[in-house]
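Accompanying notes for the structure given below.
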Amino acid sequence: MPSKKPRVMVYLDPDKHEFLKEWAEDEHRTVNNLITMLLEQAIDKKKEEKDK
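Note that our numbering has the sequence shown beginning at 34, numbered continuously upward.
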């Protein structure tokens, strides 16, 4: 069943994409899953900073 979550498209330099690909492989994740995790962590951190 397709996700109803909003989609975001990004364009990356090839070397940055390759770095993310290797990082994701190291963690047994997809690149998309890795990027989602990193964004969620950044958002949580920013929310914590705003709450201080």
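All residues carry an ideal CB built from backbone N, CA and C; glycine is no exception.
Residue i vs residue j beta-carbon contact at 8 angstroms
i	j	result
V64	K54	yes
Sequence-distant residues of its chain with Cβ nearer than 8 angstroms to residue i (five each side left out)
i	result
N66	A57
Three-state secondary structure assigned by DSSP to residue i
i	result
H61	coil
D46	coil
K85	coil
M70	helix
K37	coil
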